[in-house]
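Enquirer: Using my numbering, you'd call the opening residue of the sequence shown number 25 and step up by one each time.
First, the structure itself, so that you have it in front of you.
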Amino acid sequence: MSSSLSYFQTQAPRYLLDCSRGYRAWLKEQEWQAVLQTLGPRTFERILDLGSGPGWYSQRFHVWKPRSIWSVDQSPLMLDEITSPVHRKVVMDVEELQLNESFDLILCLGVMEFLQRPERAFHRALQHLTPGGSAVFLLPITSCGAGLYQRLHRRHGLTIQVFRKEQLEAWAGSHGLRLSAFKSLYGFNSVLVFERLP
């Protein structure tokens with residue numbers, strides 16, 4: 025079991041509670057508002073939530089009234105905590121993602137930095153995106169703040185990946201996607217939206 029999986033397995037029973045109070049609640053709300061702002065006034069029918077954890081975002085996806093939501097996480101204990109109605113919960117490593125399904129919205133929020141092979145996960149995710157669909161990533165972009173974020177997680181035995189915006193655009197470009205929106209958050213995280221032309 026990887027160190028990140030082991031860590032999040034132990035966090036599962038209290039993760040939603042921890043995200044509902046104090047600075048964690050403020051951070052999560054900032055992230056959610058950034059996702060809404062960067063996506064704009066669109067609605068989505070089929071949503072794939074990668075690294076969903078216990079469904080903090082899934083609880084909010086219903087503002088779009090989707091036909092289905094798929095929640096994918098490597099931690100079965102995290103998925104067990106999901107109480108919002110989802111079409112399917114899938115225990116799977118995002119780096120090995122293979123669902124034989126397509127989605128018009130893919131969210132990968134706060135996941136990529138914990139992966140050993142984030143480029144592989146990025147490509148696997150985009151293979152599931154429909155023409156005209158959007159993929160949203162929340163992750164740390166190279167900065168002084170990102171260095172502090174890395175040190176914070178190192179105290180929990182976790183190695184955090186940090187990314188360059190140009191690097192992500194190149195990965196997306198290899199799938200025919202373009203960056204349609206970018207928003208920086210609280211000094212180290214950023215929301216990036218990539219779109220596949222119809």
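Every residue, glycine too, gets a C-beta built ideally from N, C-alpha and C.
(1) Rounded to the nearest angstrom, what separates Leu-203 and Leu-221 at their Cα positions?
(2) Can you pull the DSSP bridge partners for Ile-106?
(3) Give the secondary structure of Lys-113 by DSSP, where H, G and I count as helix, E and B as strand, and everything else as coil.
(4) Val-135 by DSSP, collapsed to three states: which one?
(5) Where do the N-terminal and C-terminal ends of the beta strand (DSSP E) with Pro-155 fall, by residue?
(6) Quick one: Cα of Tyr-81 to Cα of Trp-56, how far?
(7) If Leu-209 and Phe-127 are in contact, beta carbons under 8 Å, what's the gap, nearest whole angstrom?
(8) Measure how close the beta-carbons of Ala-145 and Ile-130 come, nearest whole angstrom, since I'm counting them as under 8 Å.
Expert: By the coordinates alone:
(1) The residue you call residue 203 lines up with position 179 of the sequence shown. The residue you call residue 221 lines up with position 197 of the sequence shown. Near 11 Å, if we compare the C-alpha coordinates of Leu-221 and Leu-203.
(2) Start at 1 with the first residue of the sequence shown, and residue 106 comes out as number 82. The partner list for Ile-106 (beta bridge, DSSP) is empty, contrary to what the question assumes.
(3) Reading the sequence shown from its first residue, position 89 is the one you call residue 113. Correct three-state label for Lys-113: strand.
(4) In the sequence shown, residue 135 corresponds to position 111, counting from 1. Val-135 falls in the coil class under three-state DSSP.
(5) Position 131 of the sequence shown holds residue 155. Taken as a continuous stretch (DSSP letters only), the beta strand (DSSP E) holding Pro-155 covers 153-164.
(6) The count along the sequence shown starts at 1 and reaches residue 81 at position 57. The count along the sequence shown starts at 1 and reaches residue 56 at position 32. Looking at the two C-alpha atoms, the distance is approximately 8 Å.
(7) As a first step, residue 209 must be located in the sequence shown, where it is residue number 185. As a first step, residue 127 must be located in the sequence shown, where it is residue number 103. Wrong, their Cβ atoms sit about 24 Å apart, outside the cutoff.
(8) Counted from its first residue, the sequence shown places residue 145 at position 121. Counted from its first residue, the sequence shown places residue 130 at position 106. Not really, about 11 Å apart at Cβ, beyond 8 Å.
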